[in-house]
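Since the structure comes first, as structure tokens, the remarks are kept for the end.
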Amino acid sequence: MQKLTTREAAEYLRLAPRTLERWRIQGIGPRFFKVGGRRVVYSVEELRQFLAAGERTSTSDHGGSSRP
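Okay, so the sequence shown: first residue is 213 according to our numbering, each after it adds one.
As structure tokens, then:
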């Protein structure tokens with residue numbers, strides 16, 4: 213399983229690293245792993261799932277299945 217640092221994950225998601233840090237504090241965003249007590253890494257698969265969960269078919273779609 214490929215792991216990315218916070219900076220690499222932010223680049224993958226096209227976000228600022230600080231956004232991922234804030235999301236971790238708030239308990240939102242993609243799941244992450246703590247390695248060695250302090251180091252945070254993200255799996256590429258978790259990032260893909262996070263992106264897929266955000267897919268919408270229209271601006272009025274509030275979530276759930278993207279297909280009827």
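Ideal placement from N, C-alpha and C gives every residue a C-beta, glycine not left out.
Exercise. R279 to Q261, Cα distance in whole Å?
Worked result: Along the sequence shown, read from residue 1 onward, the residue named residue 279 stands at position 67. Along the sequence shown, read from residue 1 onward, the residue named residue 261 stands at position 49. Note that R279 scores 39 on pLDDT, short of 50, meaning its location in the model is unreliable; the coordinates nonetheless yield the value given after this. Cα to Cα, R279 sits roughly 17 Å from Q261.
Exercise. Looking at the unbroken alpha helix (DSSP H) that takes in R219, where does it start and where does it end?
Worked result: Here residue 219 corresponds to residue number 7 of the sequence shown, with the count starting at 1. That run of the alpha helix (DSSP H) goes T218 to L225.
For this session: Indicate the three-state DSSP secondary structure (helix, strand or coil) for R236 in the structure shown.
Result: To locate residue 236, count along the sequence shown from 1; it is residue 24. Residue state, collapsed to three classes: helix.
Problem set entry | Sequence-distant residues of the same chain with beta carbon closer than 8 Å to V252, five excluded per side | As a working mapping, residue 252 is identified with position 40 in the sequence shown. Here the set comprises T217, T218, R236, F244, F245 and K246.
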